[in-house]
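Chains as they are written, first to last, in UniProt numbering: chain S, 1 to 365; chain E, 1 to 365.
Here's the structure, in structure tokens; my notes come after.
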DNA sequence: TTGTATGCGTTATCAA
DNA sequence: TTGATAACGCATACAA
């Protein structure tokens, strides 16, 4: 089954030898041979270059040849080998997606949108899970091995050193809802500061007295900013002693963490907070369930709760969570837009982009 | 900045000309030039083949050279270009993941496990979203363009024609929780039949009289099997007129669908079912919320509910859903195991694998 | 154990 | 508008 394909140019003289094969256009003629552009070229009587141009939709190819070549390609079941193509262009149409597990509800919603956007722009997402932060560097470097066209980081923070690798290779990076400030990378965050203010204002307007902010132990960048902004906004009223504030901590940044925190902090009715701003919606949902079903508290009368993100579950029946909304769609669109423009050669300075948020008032506050 | 690398063999004579460059081993010497195996070869004074072998861990390379070459490679910041490598081997280490959106909770849990397993086996997941079933074929073919080592289908059903393409290319496919029976592909399902039986038995033992099965309009493969098995198990009792059964339908296979169905089917206390088996957990959760919070029904006294999958939310505070559990971990492990073995050349016949399920009794039934 | 030579399938450059 | 040719970076058969 040796060399069935003629290398145009190299041995045009031998074309006659190989021609017979080219006539077996019956498509799937049993051969386990994978059809290449050379096969199509033979069958169509054109050069590989022409085939390549036809497949790529090069405008300077004539209507007639394009159609002929494309139909022959279809007939033969030819598909461009993207690996070979990437090899030649020294760049693939893969976009690296750095994440860590699929447990955070908002991140899932964001990834969902992001994957859609990436696909629509003609790229493909190559997912890489970085559960161990220590592996971040290795993973980012590994992505480079695939000649990715760009990378989106939705978890962890790449070191500056990694940044320079990417800079050197001219591969754009976008950090989403991250702390980092990476040289040559865009950093997109939702307006955590405004979010914290909105929550504070709402609680104050509702006449709440014992306010609290609930976050996971150790905190996350986004959570910390939200909490700090919340407190800052409270400052004047705290100074005048009209209200009190405390920071609550849960052991895991999820429903269970919030649930446990609820049991822990909401028991003693007297001193317990009457308003809790949670760093994330799913923490808030856990807190809510603990408050309502375990402790029999009235929400929002006994305790008022505001979350952050507006995940799908927040809108659902039992919860009706009042929360600060950020839009995964906008986030995804902006992410891909920045990537796209940088890949296209636009040289944007490192930017820190802020997406708007708003307070969605439902029934928990 | 032209040709800094010598092509060994082609122009060994010109090595002298290029040698100087090789001595600039100070790693990141400003150059925007991407380091290749040839650079390492020069610096180490060996051939590219040797570098290739060292990086691949070829056992017939001497300990000494391997170490030297690897340390030089590290120093220079060399990383194998996987695209070039894949081109050569005519196979990448990418595994295609065909899915459709990240909205189904169980599928998300499964994908989470799957991505982990894939990564651990040294592969990388290339995600492809097929929301429009009509695009299934195109997408699967597109995956082939990336020379994927294998594909996992978690949504939709590829046509037999696609199957032959994969067969010809010898690229293994695994269908997970799908109806299909694809030539040369493994099909892994959880034990939907047993699941239906367990639910039926439980309701019967609890003395429920007006049983129902709730599924999305049109049904899904898994859902249908679950429902059919449920009814079959009920058959004897139906025949004797001791119980009644009906099929309920919701408009979307999610929380909202279940919620709406709850409002619709559970209002009239007299004729309403007193036991509902739901095709999926999140449908059950919606139904539960409608029953308890909108209609004020007691669960499981007024109405008893069993779901399917045992998603995380099912275990959470407000729900405590009784459900048929399938393990995303096992599913993922088996999926990757099959893929791995087929990629490794083992020729397994098309198999239909069934994973065990069990009933987790919580508080809704 | 290592080196030499070649080819993988494509695209970009240059020439016609 | 099209064709010939030379990379792209790596891995492997074959030679030594």
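From the three backbone atoms N, C-alpha and C, an ideal C-beta is built for every residue, glycine too.
Of all the residues that make up the region 98–122 of chain E, which are near chain S by a beta-carbon distance shorter than 8 Å? From the region 98–122 of chain E, only 101, 102, 103, 108, 109, 111, 112, 115, 116 and 119 have a Cβ closer than 8 Å to chain S.
May I ask you to report which of helix, strand or coil DSSP gives residue 189 of chain E? Residue numbering aside, residue 189 of chain E sits at position 189 when the second chain is read from its first letter. In this structure, residue 189 of chain E counts as strand in the three-state DSSP scheme.
Residue-level contact to chain E via CB, residue 83 of chain S, 9 Å cutoff: Along the first chain, read from residue 1 onward, the residue named residue 83 of chain S stands at position 83. Residue 83 of chain S counts as touching chain E.
Burial state of residue 280 of chain E, where buried means 16 or more other Cβ atoms lie within 10 Å: Position 280 of the second chain, counting from 1, holds the residue named residue 280 of chain E. Around the C-beta of residue 280 of chain E, 16 or more other C-beta atoms lie within 10 Å, and the residue is accordingly described as buried.
Could you check the C-alpha separation between residue 187 of chain S and residue 49 of chain S for me, to the nearest Å? Taking the first residue of the first chain as 1, we reach residue 187 of chain S at position 187. Taking the first residue of the first chain as 1, we reach residue 49 of chain S at position 49. Each residue's Cα considered, the two are about 41 Å apart.
Under 8 Å, with one C-beta from each stretch per pair, do the region 265–281 of chain E and the region 288–296 of chain S reach the 3-pair mark? When Cβ pairs closer than 8 Å are counted between the two stretches, the region 265–281 of chain E is seen not to touch the region 288–296 of chain S, the count staying below three.
Residue interval of the beta strand (DSSP E) (run including residue 358 of chain S): Locating residue 358 of chain S in the first chain gives position 358, where the first residue counts as 1. According to the DSSP assignment, residue 358 of chain S belongs to the beta strand (DSSP E) that extends over 358–360.
Compare the C-beta of residue 70 of chain E with all C-beta atoms of chain S and state if any pair is closer than 9 Å. Along the second chain, one-based indexing puts residue 70 of chain E at 70. In terms of beta-carbon proximity, residue 70 of chain E stays away from the interface with chain S, with every pair separated by 9 Å or more.
What are the residues of the region 166–181 of chain S that lie near chain E, defined by any Cβ-Cβ distance shorter than 7 Å? 168 and 169: these are the residues of the region 166–181 of chain S whose beta carbon lies less than 7 Å from some beta carbon of chain E, given in chain order.
Please work out which residues of its chain come closer than 6 Å, Cβ to Cβ, to residue 86 of chain E, disregarding the five sequence neighbours upstream and downstream, and give them in chain order. The sequence position of residue 86 of chain E within the second chain is 86, counting from 1. Cβ neighbours of residue 86 of chain E beyond the five flanking positions: 92 and 147.
Could you work out which residues of chain E lie near residue 311 of chain S, taking near to mean beta carbons separated by less than 7 Å? Within the first chain, residue 311 of chain S is the residue found at index 311, counting from 1. The contacting residues do not exist; residue 311 of chain S stays about 12 Å from chain E at best.
Just to make sure I have the definition right: I need the residues of chain E whose C-beta is within less than 7 Å of the C-beta of residue 255 of chain S. Which are they? Counted from its first residue, the first chain places residue 255 of chain S at position 255. Within 7 Å Cβ-Cβ: 316.
In angstroms, rounded to a whole number, what distance separates the CA positions of residue 88 of chain E and residue 123 of chain S? Along the second chain, read from residue 1 onward, the residue named residue 88 of chain E stands at position 88. Along the first chain, read from residue 1 onward, the residue named residue 123 of chain S stands at position 123. Roughly 23 Å between the two C-alpha positions.
Within chain E, partners of residue 128 of chain S - CB distance below 9 Å: Within the first chain, numbered from 1, the residue matching residue 128 of chain S stands at position 128. Per Cβ cutoff of 9 Å: 115, 119, 124 and 125.
Taking C-beta pairs closer than 7 Å, name the residues in chain E that residue 86 of chain S reaches, listed in chain order. As a first step, residue 86 of chain S must be located in the first chain, where it is residue number 86. In chain order: 83.
Select from the region 279–304 of chain S all residues with a C-beta closer than 9 Å to any C-beta belonging to chain E, and list them in chain order. Per Cβ criterion, the list reads 285, 286, 288, 289, 290, 292, 293 and 294.
Looking only at C-alpha atoms, which of E:243, E:157, E:285 and E:363 sits nearest to residue 263 of chain E? As a working mapping, residue 263 of chain E is identified with position 263 in the second chain. Nearest Cα to residue 263 of chain E within the set E:243, E:157, E:285 and E:363: E:285.
Does the beta-carbon distance from residue 339 of chain S to residue 149 of chain S come in below 9 Å? Position 339 of the first chain, counted from the start, is the residue given in the question as residue 339 of chain S. Position 149 of the first chain, counted from the start, is the residue given in the question as residue 149 of chain S. In terms of Cβ geometry, residue 339 of chain S and residue 149 of chain S form a close pair [threshold 9 Å].
For chain S, check one thing: does any of its Cβ atoms lie closer than 9 Å to the Cβ of residue 230 of chain E? Position 230 of the second chain holds residue 230 of chain E. Not an interface residue.
Residues that DSSP places opposite residue 65 of chain S in a beta bridge: Looking up residue 65 of chain S in the first chain gives position 65. Answer by DSSP bridge pairing: none, since residue 65 of chain S is not bridged.
On the three-pair Cβ rule with 8 Å, is the region 224–235 of chain S touching the region 250–258 of chain S? No, because fewer than three Cβ pairs between the region 224–235 of chain S and the region 250–258 of chain S fall closer than 8 Å, the two stretches do not touch.
Which residues of chain S have a Cβ atom closer than 9 Å to the Cβ of residue 78 of chain E, listed in chain order? Translated into positions along the second chain, residue 78 of chain E becomes position 78. By Cβ distance, chain S contributes nothing, its closest Cβ being about 10 Å from residue 78 of chain E, past 9 Å.
Report the partner residues of residue 266 of chain S according to the DSSP bridge assignment. What you label residue 266 of chain S is simply residue 266 of the first chain in a count that begins at 1. Bridge partners of residue 266 of chain S: none, in fact.
Interface partners of residue 141 of chain E on chain S, CB under 7 Å: Residue numbering aside, residue 141 of chain E sits at position 141 when the second chain is read from its first letter. Ordered by position in chain S, the residues that pass the 7 Å Cβ test against residue 141 of chain E are 79.
Do the region 107–115 of chain S and the region 321–336 of chain S make contact, defined as three or more Cβ pairs closer than 8 Å? The region 107–115 of chain S vs the region 321–336 of chain S: in contact.
Under 9 Å, Cβ to Cβ, is there at least one residue of chain E near residue 146 of chain S? Mapped onto the first chain, residue 146 of chain S falls at position 146. By the rule that beta-carbons nearer than 9 Å mark a contact, residue 146 of chain S touches chain E.
For the beta strand (DSSP E) holding residue 212 of chain E, just list the boundary residues, first then last. For the purposes of this step, residue 212 of chain E is identified with residue 212 of the second chain, where counting begins at 1. Counting along the chain, the beta strand (DSSP E) containing residue 212 of chain E begins and ends at 210–216.
Mind checking residue 29 of chain S: buried by the 16 CB within 10 Å criterion, or exposed? By 1-based counting over the first chain, the position of residue 29 of chain S is 29. Note that residue 29 of chain S has pLDDT 40, beneath the 50 cutoff, so the model's placement of it is unreliable and no number is given.
Name the chain E residues that come within less than 7 Å of residue 34 of chain S, Cβ to Cβ? Along the first chain, read from residue 1 onward, the residue named residue 34 of chain S stands at position 34. Here the neighbours are 169.
Note down, in chain order, each residue of its chain lying with its Cβ closer than 6 Å to the Cβ of residue 300 of chain S, except the 5 sequence neighbours on either side. As a position in the first chain, residue 300 of chain S is number 300, starting the count at 1. Residues of the same chain with a CB within less than 6 Å of the CB of residue 300 of chain S, apart from the 5 flanking positions on each side, are 364 and 365 in chain order.
Could you tell me whether the Cβ of residue 331 of chain E comes closer than 9 Å to any Cβ of chain S? Within the second chain, residue 331 of chain E is the residue found at index 331, counting from 1. So, not an interface residue.
Have a look at S:239, S:241 and S:195 and flag the residue whose alpha-carbon is nearest the alpha-carbon of residue 228 of chain S. Residue 228 of chain S sits at position 228 when you count from the first residue of the first chain. Looking only at S:239, S:241 and S:195, the smallest Cα-Cα distance to residue 228 of chain S is reached by S:195.
Ignore the nearest five residues each way along the sequence and tell me which others in residue 9 of chain S's own chain have a CB closer than 8 Å to its CB. Position 9 of the first chain, counted from the first residue, corresponds to residue 9 of chain S. Low local confidence applies: a pLDDT of 38 at residue 9 of chain S is under 50, so the model's placement there is unreliable, with the coordinate-based value given in what follows. So the list is empty, once near-sequence residues are dropped.
What does a CB cutoff of less than 6 Å around residue 73 of chain E pick up in its chain, not counting 5 residues either side in sequence? Numbered from 1 along the second chain, position 73 holds the residue referred to as residue 73 of chain E. So the qualifying residues of the chain are 40.
Below 9 Å between beta carbons: does that hold for residue 348 of chain E and residue 334 of chain E? Here residue 348 of chain E refers to the residue found at position 348 when the second chain is read from its first residue. Here residue 334 of chain E refers to the residue found at position 334 when the second chain is read from its first residue. The Cβ atoms of residue 348 of chain E and residue 334 of chain E do not sit closer than 9 Å to each other.
Spatial neighbours of residue 208 of chain S in its chain, beta-carbon cut-off 8 Å, leaving aside the 5 residues before and after: For the purposes of this step, residue 208 of chain S is taken as the residue at position 208 of the first chain. Excluding its 5 nearest sequence neighbours in each direction, residue 208 of chain S has C-beta neighbours in its own chain below 8 Å: 243, 274, 275 and 304, listed in chain order.
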